[in-house]
Amino acid sequence: MAKVLYITAHPFNELVSNSMAAGKAFIETYQQQHPDDEVKHIDLFETYIPVIDKDVLTGWGKMSNGETLTDDEQMKVSRLSDI
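No gaps in the numbering here: position 8 of the sequence shown is 8 in UniProt numbering, and each next residue is one more.
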């Protein structure tokens, strides 16, 4: 089973954007031909992705040392782990 990361970053959907329509058609065809593969779609226009800032770097350091993270560090580190 392969993993495919499909990233989009466009304000319009496939009904308005030709490039989004082409991407959607490709992914749909790919999934039909490779039903066991996992496709993960990340829409950078709609998805909150934290900037790798001091909170993130400090949070990662604290995690590796088994220390407690602040609420902001925890929120950002958790979100980055989710994606």
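C-beta: ideal position from N, C-alpha, C; glycine also.
Fair warning: this is a prediction, and the values are worked out from it, not measured in the lab.
>> Based on DSSP bridge pairs, tell me the residues matched to residue 6.
In response: 41
>> Count Cβ pairs between the segment 33-46 and the segment 63-82 that sit closer than 8 Å; are there 3 or more?
In response: no
>> Between residue 34 and the ligand PLP, is there a pair consisting of the residue's CB and a ligand heavy atom that are separated by less than 7 Å?
In response: This structure simply doesn't include the ligand PLP, nor any ligand for that matter.
>> Using CA atoms only, rank isn't needed, just tell me which of 4, 9 and 14 is closest to residue 47.
In response: 9
> Which runs of the alpha helix (DSSP H), 4 residues or longer, sit entirely within the segment 21-74?
Replying inline: 54-64
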